[in-house]
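For my numbering, count along the sequence shown from 1 and bump the result up by 62. Glycine included, C-beta positions come from ideal geometry on N, C-alpha and C.
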Amino acid sequence: MGNRRLDRQGRGTHYADRMHRILGVCGDCGLLWHTERIAFKNGATEFQRVDDIEADGSVLVTPQYEKYGLRVNPRLLPKLKTMGPQFAYALNVPSTSVEVDGDLVYVRVPRAQGASSSPLLFESAWAIDPHIPRGSLLLGVDEDQHQLVLELTAPTNVHAAVIGMTGSGKSTLMRTMILSAQRIGGAQVALFDPSGGMFPLSGHPSVWRGGLFRSAHECELGLGALADSLGRRANTLLYVFVDEVPELIAQRPPIRTHLARLAQAGRHSGVHLVLGAQHLMASQVGPMTLRNIPVRLVGRVTDRTAAYNASGRNDVAAEQLRGNGDFIAVGSGTQRHFQVAVIADETLAEWAQRYPPRQPRLPVRPDAPRRAVTPVDPGSFVSATTYRSAGGGGGSGRHLDEIPPSVLHEIRAYVGAHGREPSCNWVYNLTHATLPTGGFNRDKARRAIAQALERHAAGSAGTRSERA
Ligand SMILES: Nc1ncnc2c1ncn2[C@@H]1O[C@H](COP(=O)(O)OP(=O)(O)O)[C@@H](O)[C@H]1O
Ligand SMILES: [Mg+2]
């Protein structure tokens, strides 16, 4: 991230007055200073006033908040953190929160709705530092007005979820990420979105299969084909954006399996998921998929429970976010408040005119006939999707030496595509890239190939008798 930033510092009487009131509340509580007795060598003593709270220069103004910085004696932090309601009362605003950031304490004051006159535009956020490296996606600006990008190819990131209630700004954020990928170049984007929000960006040459997958049926075909292609892909960078994930899964349960396989593929596969959802729950997407998505971009949610589910953490007060692109990025051990950059309508329209959206080329499913006769049974998918890891709860954990179904599936797909068995090396590469437990050795690879082919022959009969 560059050091340049948008200049949005609040000066002027409004801010000075509010800072004054904040200090006034501290003064009323007797927190501003204390006296210390100083003893001199000659035996004389003197009382000296020591300041405990001081205003720290200018006020930070983001599109949604004003942030008043204070330098505070750490002894006072516990008390100060409880004083949000008192500050709110003094400032005549509905709420404020007190947060510690390094050696500064901020009193965060929401701006009146509508005061955030102009939204943060994609172009402004982009212009802060136009040299975003391949592998990163633009999100917006953080609270210090620095450009915020998500380095999805970093080992600790890989996949991300965008979560928030309707109107929180999920689709807007996903569009910003997609456009940034297209402008940065060097990557493909696969687009799945029943709400159609990604449509204006779906004509760009970077779009996988040339268009937006929209209906649940199309999404099932597309995501299935992507999952099948894992391990066969040349090592190219591909972002897979899927909006309204729970809705898609509800309509087409196999999508859950496809997403699980894609999420399980690590960064070596070059495939990176960005999933949009109002809630992200293990009961919907499966616990393993949830665990495989370390980055959570969380907008406003309904309550504390939803905030916990979305972020996987207790200390993310996402229920207090304001909507309209007010987000928190939660990663491994870090969280960052940010404002989502929004693509101006004209920019979207220009893009769509330059790269006219078209229908996607729908993939033909290699095993279409076999599955076509299989009625969708949500129950059976539940067990098929969760690649139970050893000790993963539920007591039916997969034995460590067992071959995961995803691997068997990939091997069959290879045989289907090439008409011959894959090499042990190929199996090693596949498992090395997709399994947390690492690559198969020669023995295990042979066993996997044998098992995949045996089961393939007996497999369909097996599923049929199960249903009978
Ligand atoms: N970053 C943003 N800046 C300003 N307004 C936003 C932003 N994101 C969303 N909004 C407002 O919220 C509305 C809903 O956003 P949308 O992305 O469709 O939300 P979601 O997909 O979460 O339902 C938008 O039409 C817009 O008015
Ligand atoms: Mg949406």
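- Comparing alpha-carbon positions, the option among LEU85, ASP118, VAL477, HIS193 lying closest to PHE149 turns out to be LEU85.
- The three-state reading of DSSP puts LYS143 in helix, counting H, G and I together.
- Every unbroken stretch of the beta strand (DSSP E) spanning 3 or more residues and falling wholly within the segment 300 to 358 is given here in chain order: 300 to 304, 333 to 339.
- Residue nearest to GLY164 within the set VAL134, PRO172, VAL155 is VAL134 (criterion: CA-CA distance).
- For PHE184, the uninterrupted alpha helix (DSSP H) run begins and ends at 184 to 190, by DSSP.
- Looking at the DSSP output, PHE389 bridges to PHE400.
- Environment of ligand 1, chain-ordered: PRO181, THR228, GLY229, SER230, GLY231, LYS232, SER233, THR234, ASN386, GLY387, VAL402, VAL404, taking every residue with Cβ within less than 5 Å of a heavy atom.
- When the Cα atoms are used, LEU138 and VAL121 turn out to be separated by approximately 21 Å.
- Per the DSSP secondary-structure output, PHE261 pairs with nothing in a beta bridge.
- 7 Å or more divides the Cβ of SER242 from the Cβ of GLY259.
- For ligand 2, a non-hydrogen atom lies closer than 6 Å to the CB of SER257.
- In the displayed model, GLN250 falls within a strand according to three-state DSSP.
- LEU283 and PRO425 have their alpha carbons spaced roughly 6 Å apart.
- No residue range can be given for TYR417, since it is assigned to no alpha helix (DSSP H) and is classified by DSSP as neither H nor E.
- With a cut-off of 8 Å on Cβ pairs, the segment 414 to 421 is not in contact with the segment 383 to 391, counting fewer than three such pairs.
- Residue nearest to ALA380 within the set LEU410, VAL224, VAL203 is VAL224 (criterion: CA-CA distance).
- GLY501 and ASN487 have their C-alpha atoms spaced approximately 10 Å apart.
- Around the C-beta of SER198, 16 or more other C-beta atoms lie within 10 Å, and the residue is accordingly described as buried.
- Close CB contacts of GLN513 within its chain, under the 8 Å cut and outside five residues either way in sequence, are with ILE465, LEU470 (chain order).
- In the three-state scheme derived from DSSP, where H, G and I count as helix and E and B as strand, VAL155 is classed as coil.
- Judged by their CB atoms, ILE390 and VAL360 are nearer to each other than the 7 Å cut-off.
- Within the same chain, Cβ atoms closer than 7 Å to the Cβ of ILE405 are found at PHE184, ARG237, THR238, LEU241, the five residues on either side in sequence being excluded.
- Note on geometry: alpha-carbon atoms of PRO136 and ALA189 lie some 38 Å from one another.
- The C-beta distance from PHE254 to PHE275 rounds to 5 Å, short enough to fall under 8 Å.
- In this structure, GLU412 is the residue among TYR77, GLU412, ARG83, ALA507 with its C-alpha nearest to the C-alpha of GLY265.
- By the Cβ rule, the segment 148 to 162 does not count as touching the segment 105 to 115, because fewer than three pairs are nearer than 8 Å.
- Of all alpha-carbon atoms in ARG366, THR364, PHE303, ALA369, the one lying nearest the alpha-carbon of LEU337 is that of PHE303.
- Rounded to the nearest whole angstrom, the CA to CA distance from GLN401 to LYS103 is 56 Å.
- As the crow flies, the alpha-carbon of VAL203 is around 28 Å from that of GLN415.
- Contact annotation: VAL160 and LYS143 have beta-carbon atoms nearer than 7 Å.
- Taking a C-beta distance under 7 Å as the contact criterion, LEU335 and ALA289 do not qualify as a contact pair.
- For the options GLN250, PRO308, TRP270, the alpha carbon positioned closest to that of GLN340 is the one of PRO308.
- Comparing alpha-carbon positions, the option among TYR370, LEU492, ALA327 lying closest to TYR301 turns out to be ALA327.
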